[in-house]
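Asks: Residue numbers (my numbering): 0 to 109. Sharing a structure with you now.
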């Protein structure tokens, strides 16, 4: 007496396909997106800031958050060290005051 069930030769079992998207892949994708978002955007913004900066260009062109006014800061001014340049907001470096004024920016008051 056979211990297993017999099937006709025409019967074939379908192999179950492995799911393409498992929960492990989902968790890794979420973690990876979070890390890339946290590090990637900051690194890209900082890298672009230095990439657009020419040699000897020390004037920081900053867009005011409240008034959206374009202001440039010279080395030695009160907020020069605190000013960060974010090209994604239209901020940039200038090599001379004349260049900044020609682009429509005004000098910082302090």
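We put the CB at the ideal spot given by N, CA and C, even for glycine.
(1) Exposed or buried, what is residue 60 when buried is set at 16 or more other beta-carbons lying within 10 Å of its beta-carbon?
(2) Answer with buried or exposed for residue 109, where buried requires no fewer than 16 other C-beta atoms within 10 angstroms of its C-beta.
(3) Could you have a look at residue 100 and say whether DSSP puts it in helix, strand or coil?
(4) Quick check: what's the CA-CA separation for residue 42 versus residue 57?
(5) From residue 47 to residue 24, what does the alpha carbon distance come to, in whole angstroms?
Replies: Checking against the coordinates, here is how it stands:
(1) Along the chain shown, one-based indexing puts residue 60 at 61. So residue 60 counts as buried.
(2) Counting from one through the chain shown, the residue named residue 109 turns up at place 110. Exposed, by the Cβ-count rule.
(3) Translated into the one-based positions of the chain shown, residue 100 becomes position 101. Correct three-state label for residue 100: helix.
(4) In the chain shown, the residue the question calls residue 42 occupies position 43. In the chain shown, the residue the question calls residue 57 occupies position 58. Note that residue 42 scores 49 on pLDDT, short of 50, meaning its location in the model is unreliable; the coordinates nonetheless yield the value given after this. The straight-line gap from Cα to Cα measures roughly 21 Å.
(5) In the chain shown, the residue the question calls residue 47 occupies position 48. In the chain shown, the residue the question calls residue 24 occupies position 25. Note that residue 47 scores 49 on pLDDT, short of 50, meaning its location in the model is unreliable and no value can be drawn from it.
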